[in-house]
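Protein chains in written order, with this note's numbering: chain X, 8 to 173; chain F, 500 to 611.
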Amino acid sequence: MKIKGQALALDDLDWEILRLLQENAKQTYTEIGQRLNVAHSTVYDRIQRMEHHGIIKKYGTVVDLEKVGIRQITAVMTIFTDPKESEKIAQKLSEFSEVSEVFTSFSEELVIIAKVIATDQAELHSFIAQSIAPLPGVLRIRTSIVTRKYKEETPQTVLSHTAPKA
Amino acid sequence: MSVSPSRILRNVLREEAFYFFTSIGNYTGESAFSLEEFMNKIKEINIKSLEFHLYREDFEKWVEQTLGDSKLADEIKGVRNLKFVGNALRDRLYNVVSKRIKELKGGHSGSR
């Protein structure tokens, strides 16, 4: 890893380590080293540096709540906003524990797209009606409830596309 | 406990206002900060929104729990029990609310 101007430049080995960690963050340094034909100490050093510089932000756990009997619904909200208030609304949305992802987008109008998790439709509606609709600058909201998930994971394709070609 | 007409007719805070949706999570952008504004919205709001809220009992809950008007809440419940839809529902609801506002402004509240 090198510092180029204000950006940090990763080499091929860094990218490979990141790819393997995204596949399974529980792999040991030795396992990663064996897969990449490098010493475990090299893997350790690279990971330490990437953690130190905030390139690796955190390690997460994907929990299958249905297996422990917890049912939940996922919904995607498109929030049409007054452009002057969009930033504040996006920041406020990010603070709610019910909201897992927040994006802004501009097509014909400036909108905020947010993913919400709730235990059922009643809870989802209460949350939107009581916490989102009253926010100043919210013009209207369209909500789609997810009926089936076909894929849900960190997009590894981003890494493979971003990694410089050797 | 008696709730005064002026309290029922007051403007409420942003977090206490009624927000009109057409279905779960779909907010129309229309809201009412007072009973009078609520009455005016009944005239113009998408009929789907009236049907959605009436049959979820949202109107009577807001009128009773936020505005404190149990008499109007009972009257709205009566409209719900008639199972009207479309403009028949809009007209009946408007009549009930506008009549109650006249009553409150005339000083004959009849509230708790």
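All residues carry an ideal CB built from backbone N, CA and C; glycine is no exception.
The beta carbon of Ile541 of chain F sits no closer than 7 Å to any beta carbon of chain X. In terms of beta-carbon proximity, Thr150 of chain X lines the interface with chain F, with at least one pair separated by less than 7 Å.
For Ala572 of chain F, the enclosing alpha helix (DSSP H) begins and ends at 569-580. The C-beta distance from Ser93 of chain X to Ile120 of chain X rounds to 12 Å, too long to fall under 8 Å, and the pair is not in contact. Within the region 573-593 of chain F, contact with chain X at the beta-carbon level (separation under 7 Å) is assigned to no residue. DSSP lists no bridge partner for Met538 of chain F. Under the three-state reduction of DSSP, Lys598 of chain F is assigned to helix. Secondary structure of Phe532 of chain F (DSSP, three-state): coil. Classified as exposed, Ile77 of chain X has fewer than 16 neighbouring CB atoms from the shown chains inside 10 Å of its CB. Residue range 145-152 is occupied by the beta strand (DSSP E) that includes Arg149 of chain X. Bounds of the alpha helix (DSSP H) holding Lys560 of chain F are 557-560. CA-CA distance, Glu115 of chain X to Pro141 of chain X, rounds to 23 Å. In this structure, Arg589 of chain F sits away from Val578 of chain F, with a CB-CB distance that is not shorter than 7 Å. Counting C-beta pairs closer than 8 Å gives three or more between the region 85-104 of chain X and the region 133-149 of chain X, which meets the contact rule. Cβ proximity to chain X below 7 Å picks out Gly524, Asn525, Tyr526, Thr527, Gly528 from the region 524-535 of chain F. Sequence-distant partners of Val596 of chain F (beyond 5 residues in either direction) whose C-beta falls short of 6 Å from its own C-beta, in its chain, are Met538. Taking C-beta separations shorter than 7 Å and ignoring five residues to either side along the sequence, the partners of Arg509 of chain F in its chain run Ser533, following chain order.
Listed as beta-bridge partners of Ser522 of chain F by DSSP are F:Asn525. Closest by C-alpha distance to Lys65 of chain X, out of X:Leu25, X:Ala46, X:Thr85, X:Ile80, is X:Leu25. Look at the region 129-149 of chain X: the residues with a C-beta under 8 Å from a C-beta of chain F are Leu131, His132, Ile135, Ala136, Gln137, Ile139, Ala140, Pro141, Pro143, Val145, Leu146, Arg147, Ile148, Arg149. Note on the region 90-148 of chain X: whole alpha helix (DSSP H) runs with a minimum of 4 residues are 93-102, 128-134, in chain order. For the pair of segments examined, the region 510-519 of chain F was found not to touch the region 569-586 of chain F: the number of CB pairs separated by less than 8 Å stays below three. Taking the C-beta atoms as reference points, Pro504 of chain F is found nearer than 7 Å to Leu603 of chain F. Within the DSSP bridge table, the entry for Ala82 of chain X names X:Val123, X:Ile152 as partners. In the structure shown, Phe87 of chain X adopts extended strand secondary structure according to DSSP, grouped into three states.
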